[in-house]
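FYI, in mature numbering (1 follows the signal peptide of the UniProt record, and there is no 0) the residues of the sequence shown are -20 to -1, 1 to 122.
Backbone N, C-alpha and C define an ideal beta-carbon position, used for all residues, glycine too.
In what follows, a structure is listed as structure tokens, so that the remarks can point back to it.
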Amino acid sequence: MKKILLILFLSLSMFSFSQMDRRIGRTPNMSTGKRQEKVDPIQVPLDYLKKELNLDTFQEAAVKTFLEENLKEKEYILTLDIADSDKMDKLKTSYDKMDSQIEGLLNAKQKETFAKLKEKQKGNNDKKKKNKKENKEELENQ
């Protein structure tokens, strides 16, 4: 009788250990690889515009101020308790205001380059919207 109880006990303990091992294997692995550096939402577009438009120090400081104001306004708009379509309209107005402020600082050559950059960005946004729409339609058809 003691042998049977011992065998039963050992069998149950092996069963419980094997269950425990399966749970451990299912936990998500924490990546120990490279961590993404935090990106400053002001500095990145400022550096891009500085490089593309060849901004002088005065223009750079003014553009930085406009970007900071726009970021604060964007954060405020996103916290408002209004419909998403109204938020989008307000954000678009805010971006247009910032663009007109930036254009006011630029010389003729820089304005041309800035207009090309805006068109390029608009084209990229249109492609993203088109891809999202196509993906959504594919999911609905499946």
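- For Ser74 against Lys102, the beta-carbon gap comes to about 17 Å, at or over 8 Å, which does not count as contact.
- In the three-state reduction of the DSSP assignment, Pro25 falls in the helix class, which pools H, G and I.
- Per the coordinates, the alpha-carbon of Lys52 lies some 16 Å from the alpha-carbon of Ala42.
- Pairing Lys112 with Thr45, the inter-Cα distance amounts to about 33 Å.
- Looking at the backbone, the Cα of Asn115 and that of Ser65 are separated by about 22 Å.
- The straight-line gap separating the alpha-carbon atoms of Leu(-15) and Met(-7) is approximately 12 Å.
- When Leu29, Asp106 and Met68 are compared, the shortest CA-CA separation from Ala95 is found for Leu29.
- The beta carbons of Asn50 and Met78 sit about 4 Å from each other, so the pair counts as a contact at 8 Å.
- For Asn34, the three-state secondary structure derived from DSSP is coil.
- Linking Lys109 to Gln81 through their CA atoms gives a straight-line distance of about 27 Å.
- DSSP places Lys18 outside both helix and strand once states are collapsed to three, so it counts as coil.
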